[in-house]
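Going by our numbering, the final residue of the sequence shown carries number 350, and the count climbs one at a time with no gaps.
For each residue, glycine too, the CB sits at the ideal point set by N, CA and C.
Note that this is a predicted model, so its numbers are computed, not measured.
Notes follow once the structure below has been shown.
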Amino acid sequence: MAYIGVHLENSISIDELYTVHYFEYMSTFSFAGESHDFWEFLYVDKGEIHVTADSLRTTLKKGDIIFHKPNEFHNVEATGTIAPNLVVVSFSSSSPVMGFFENKCFHIDEAERSLLAEIITEARNCFSMRLDDPYLTHMVKKSPEVFGSEQMLRILLEHFLIHIVRRLSTPAILQKDIPRQLQKTTKSHSDSEVFNRVIHYLEQNLSRHISLEQICRDNLIGRSQLQKLFHDRTQKGVIEYFSEMKIDAAKQMIRTEHMNFTQISQQLGYSSIHYFSRQFKKIAGMTPSEYASSIKAMAKGGFE
């Protein structure tokens, strides 16, 4: 029997990668703007920002993304009320389908957000420099590299773009009857709903001290089921995840500069400023004061 191989074509190919950034900006941050001959997209992970793309000026909120085509002038400005966290990725691609992304600005879905998180993780595997350096023009590869990191980074980015094209191009198909073979998919969808509901609950209770038992009771879910759901999706326990959410919120408050450390500690339900500081250092790797100094130095380009 003679087999005939099939050549698999690329619908989208990344030619070169210029930057992968994850920024934590002050609420007063502004970037005068630039244009360059490659693609760039900006995603708002937290907070909100004002963006200009040529003559268009718009406000992006958490979960929104905007694509800048080659040679398009663009700038970014924080709103002054909340400190934003941003993902910025720039790359070149000669694929004709990239025209699909011109003037695109929309809200991403859960799958796309997960892919973005993987892109940031893989970038840290691939490159040796900080991803929060706004003055970065050359990404230096790690030596030795984590096996396959460059290829994985390219695949993840191409997957991200393909997923967007498919989602925004294909109309939703509504089905009244769900076949038995889709029961596993249905369960996965149900798990996603439960996970998102609990995440929303945690976000609404950042100012409180809540126990695992209380989370389970208020969300009508068993302890073992909840722990397994969080471990499968975040590789962390629920309380560990909640503690990190609190510190992320504290970072935003510090960058917004509307409250001092004592007020932030009280706002987030910590029993004392000393406990808050210990938790902050445990999770962030630095004290609140060191973090504030680092962010201000970064904004001025003064960190090493």
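- Message: Excluding the 5 residues flanking Glu-123 on each side, which residues of the same chain have their C-beta closer than 6 angstroms to its C-beta?
- Response: Ser-76, His-96
- Task: Note down the Cα distance separating Ser-160 from Phe-137, rounded to an integer number of angstroms.
- Result: Using only the alpha carbons, I get a separation of about 20 angstroms.
- Is it true that the stretch 176-190 meets the stretch 80-97, where meeting means three or more beta-carbon pairs spaced less than 8 angstroms apart? no
- Contact check, Ile-261 vs Tyr-247 under 8 angstroms by CB: the rounded distance? 7 angstroms
- Sequence-distant residues of its chain with Cβ nearer than 8 angstroms to Glu-290 (five each side left out): Excluding positions up to five away in sequence, the list reads Lys-282, Ile-329.
- Item | Residue interval of the beta strand (DSSP E) (run including Glu-70) | 62-70
- Since Ala-124 sits in a beta bridge, which residues does DSSP pair it with? Ile-95
- Just how far apart, CA to CA, sit Gln-298 and Tyr-71? 8 angstroms
- Which term fits Arg-226, buried or exposed, when burial requires 16 or more other beta carbons within 10 angstroms of its beta carbon? With a pLDDT of 44 at Arg-226, under the threshold of 50, the modelled position of that residue is not reliable, and the figure given next carries that caveat. Residue environment: Arg-226 is assigned as exposed (fewer than 16 neighbouring CB atoms within 10 Å of its CB, all protein chains considered).
- Task: Give me whichever residues DSSP pairs with Asp-110 in a beta bridge.
- Result: His-153
- Message: Per DSSP, what are the beta-bridge partners of Asn-131 in this structure?
- Response: Glu-70, Lys-92
- Task: Helix, strand or coil for Phe-77, going by three-state DSSP, please let me know.
- Result: strand
- Please work out which residues of its chain come closer than 7 angstroms, Cβ to Cβ, to Ser-253, disregarding the five sequence neighbours upstream and downstream, and give them in chain order. Cβ within range, chain order: Gln-313, Leu-314, Gly-315.
- Task: With a threshold of 16 other CB atoms inside 10 Å of the CB of Pro-334, please say whether the residue is buried or exposed.
- Result: buried
- Task: Express the C-alpha separation of Glu-204 and Leu-63 in angstroms, rounding to a whole number.
- Result: 12 angstroms
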